[in-house]
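Line by line, the protein sequences give chains A and B. Under our numbering, the first sequence has 11 at position 11, and the numbering climbs by one with no breaks. Under our numbering, the second sequence has 272 at position 167, and the numbering climbs by one with no breaks. From the three backbone atoms N, C-alpha and C, an ideal C-beta is built for every residue, glycine too. As the structure is a computational prediction, the values presented were derived from the model and not from experiment.
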Amino acid sequence: MSLFILTANRLRDGRVVFLTAHGWEESLRTAIVAATEAEQRALEALGAQSVAMCEVVDPYLVEVEVENGVPSPLHYRERIRASGPTVRPDLARRDGIPEDCRVSL
Amino acid sequence: MYRYDSYDEAFVRARVAQFRDQVRRRLAGELTEEEFRPHRLMNGLYLQLHAYMLRVAIPYGTLSSRQLRRLAEVADRWDRGYGHFTTRQNIQFNWPRLEDVPDILEALAEVGLHGIQTSGNCIRNITTDAYAGVAADEVADPRPFCELLRQWSSLHPEFSFLPRKFKIAVSASPHDRAAIRAHDIGLRLYRDDAGELAFEVLAGGGLGRTPMIAKTVREHLPARQLLPYVEAILRVYNRFGRRDHKFKSRIKILVHEIGLDAFRAAVEEEYARSLDPEDVELAALELERIEELFAPPPYEELPARDPLHERRLAEEPAFARFARTNLRPHRVPGYAIVDVSLKPVGGIPGDVTSDQMRRLADLADRFSFGELRTTHTQNLALPHVRLRDVHSLWELLEEAGLGTPNIGLVTDIVCCPGLDYCALATARSIPIARALARRFAELDAQERIGPLSIRMSGCINACGQHHIGHIGILGLEKRGEESYQITLGGRPDERTAIGRILGPGFSASEVVDAVEAVLRFYLEGRNGPQETFADFVERVGVETFREVVYAPVRAR
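Right under this line is the structure:
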């Protein structure tokens, strides 16, 4: 079973955000996880609504795995997007994804 | 140095006011993203992987200390304290907030900077030799022609919606330091047999998905007829360039598909049809006005050699090393061009902090008539330094972490931002560049390897110009992992060549070993140090490298 969360960029400042039960947040720790196709469509509908309300741009679903209740993107691109540039740890999002999910080289 | 006149200033300020209103309307929901996107792109504002990115044009790579200080202010006040110099002599800020961008653009406009036409399907920033106007080997300063092209192309109504982006580069030396053959139009300025300035006009070059070397469309064009001829090329491209397929929309595809002869015939026909002697006269007059604004700074009359400088070279090996790698001959006796490397070992190629920007601005004021240059290899240069001052400058550069003596060597790596910043990237490039720089950090070894340009891109779009690197590295995705393809045999100079793929890609953990194996083979097989890496690859062929690279790397 594939799991997905919804991500976008916040219109006002461009920051990467994830849809949680409390709205769009910079951390994906509490992102709403869609387990069924209907849940995915529901997330996308919420994304479209947020676009119409000028909150975010370009929302899309990201496939994740969930460990100890925390989602982590499967693809390295999305892990980098969630945690910040891997070459600037000082700019990384500490509240983003768990350290062991970060992309290292 | 060229300064914006009141027309330019009013024009840039008007654009800032327009964009401020567009941002307001976007944030208020009066414009959709689809409606807003072309406006933000035409002002250099992208939406990247983590945030918006603002690209600021540095026309023909000439920058004043005042402008650099303002860039430092922007970095501190509205960004995260640093900027990134690109392979097209521009600078990018990675973290601006949309709501702040109008204020940023207003602050930039006050010093004659902007992001206009740094994105979109229009004529982009005109680039040139970073040593323009001061290089000992050039025939004339190419920047007045660049400025003429900038003025002509800025918001040109006919060329603001081309099939695809359009890049022009100009060189005025026998040695091409602007990679003109890798551009949509390349212009080589020379003196003809009559002693008059003329251009060789090339078109159809470009890297990206389908790399091609520009072809000569006109071997001899009187310099004063530059604008009508470039206009004819743009017209032919605008009319016949493909708009049905993004990957086939660059001028290189048009030239390739219809053939050089047919392309040339179409350009010549358009040129003959639309050539208006009055326009040529007007452009010539404007060129004269511009040339006056590029008058050289008040150089001192100095002897060609400076005894103090030479004594220090003899007594201080570290300074002598810096002079060997980072100094270039100047056309004025007693002066030198000093390259400032933005490639310290462990650093990010092209990145510079706001503190370093301010220090460099101070050094430019003290040693180089307040002028700097950005290079297409993501470094900076101070173009007018007295030989007797080079030692003091070097000491201060060292203090600021900007004295790395590696220009043109293995660690002077050209590298796009890759997947650490870029939404289009398929792999990271900066960590590989860093790992390579660490592997080859030893300075004697770098000099032993000799002239070498490693160029790296994090995707097929090739912003890191990997195709024309002596060693090119292309980051791709392969089965959900980052994979790195090596090319050899590329050249970025006047003998521009596209590198050939060595073979299957390497993993991130293998690619540095693979480059080391390539260089070991070269060091063991070259005909002495005078045979450069590029010449060696040409002599032995790319295939020869395969067996010496793959087996040992894969066995580790």
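Inter-residue spacing [alpha-carbon to alpha-carbon] between residue i and residue j
i	j	result
B/T232	B/N195	9 Å
B/V457	B/L380	45 Å
B/T531	A/L11	24 Å
B/A119	B/R416	54 Å
B/P401	B/G238	8 Å
B/G508	B/C520	20 Å
B/S169	B/A115	20 Å
A/R79	B/R286	38 Å
B/A567	B/E406	44 Å
B/D470	B/P382	43 Å
B/G555	B/L154	36 Å
B/A284	B/N632	28 Å
A/I32	A/P71	9 Å
B/L562	B/R661	Note that residue 562 of chain B is Ser in the sequence shown here, rather than Leu. If I take the Cα positions, the gap works out to 25 Å.
B/L418	B/W499	12 Å
B/R464	B/V515	26 Å
B/I395	B/S224	26 Å
B/A377	B/L267	22 Å
B/H144	B/G166	25 Å
B/N199	B/E374	45 Å
A/P98	B/T192	For A/P98, the pLDDT reaches just 47, beneath the cut-off of 50, and the residue's location in the model is therefore unreliable, leaving the point undetermined.
B/L253	A/T20	53 Å
A/S27	A/E67	16 Å
Residue i - DSSP class collapsed to helix/strand/coil
i	result
B/D456	strand
B/R286	helix
B/G188	strand
B/V117	helix
B/Q483	coil
A/G69	coil
B/L447	coil
B/S278	coil
B/V179	helix
B/T531	coil
A/P98	A caution first: A/P98 carries a pLDDT of 47, below 50, which makes its placement in the model unreliable, though a value can still be read off. Here A/P98 sits in coil by DSSP.
B/H219	coil
B/Q570	coil
B/F141	helix
B/E305	strand
B/G291	strand
B/I231	coil
A/G47	helix
A/P59	strand
A/L74	coil
CB-CB length for residue i against residue j, believed under 8 Å
i	j	result
A/V56	A/V87	Actually they do not touch by this definition, with Cβ atoms about 26 Å apart.
B/R544	B/V617	5 Å
B/L510	B/T430	As written in the sequence, residue 510 of chain B is Pro, which differs from the Leu given in the question. Between B/T430 and B/P510 the Cβ distance is about 4 Å, and since that is below 8 Å, they are a contact.
B/V620	B/L541	6 Å
B/R533	B/E476	Actually they are not in contact, since the Cβ atoms of B/R533 and B/E476 sit about 35 Å apart, beyond 8 Å.
B/I318	B/I290	13 Å between Cβ atoms; not a contact.
B/Y236	B/I442	5 Å
Beta-carbon proximity list for residue i, same chain, < 6 Å, skipping 5 on both sides
i	result
B/L332	W257, A388
A/L43	L6, A34
B/F638	L557, H575, Y627
B/A240	S278
B/A727	What the structure shows of chain B is the stretch from 106 to 661, and residue 727 of chain B is not part of that stretch, so it cannot be assessed.
B/S265	C227
B/E582	T531
B/R175	V216
A/A92	S83, G84
B/F352	R314
B/A466	S170, L173, R174
Neighbourhood of residue i by C-beta, 7 Å cutoff - its chain only, sequence neighbours within 5 removed
i	result
B/L501	L468
B/L447	F190, P454, G455, D456, V457, Q483, N484, L485
B/S473	L487, P488, H489, V490
B/D494	F472
A/L74	E63, V64, E65
B/V689	Because chain B spans 106 through 661 in this model, residue 689 of chain B falls outside it and cannot be assessed.
B/G186	A180, T458, S459
Under 7 Å from the C-beta of residue i: neighbouring residues of chain D
i	result
A/G84	Considering every chain present, this structure includes no chain D. Its protein chains are A and B.
Cut-off 8 Å between Cβ atoms - residues of its own chain near residue i, not counting five sequence neighbours on either side
i	result
B/R596	I573, H575, A602, A639
B/L365	G309, K320, V322
Note down, one range per segment and in chain order, each alpha helix (DSSP H) of at least 4 residues found wholly within the region 313-398 of chain B.
Whole alpha helix (DSSP H) segments, 4+ residues: 331-345, 356-363, 365-379, 382-398.
Tell me the start and end of each unbroken beta strand (DSSP E) in the region 495-563 of chain B that is at least 3 residues and wholly inside, in chain order.
Runs found: 559-562.
To test your reading of the DSSP string, which unbroken alpha helix (DSSP H) runs of 4 or more residues are found completely within the region 240-267 of chain B?
248-258
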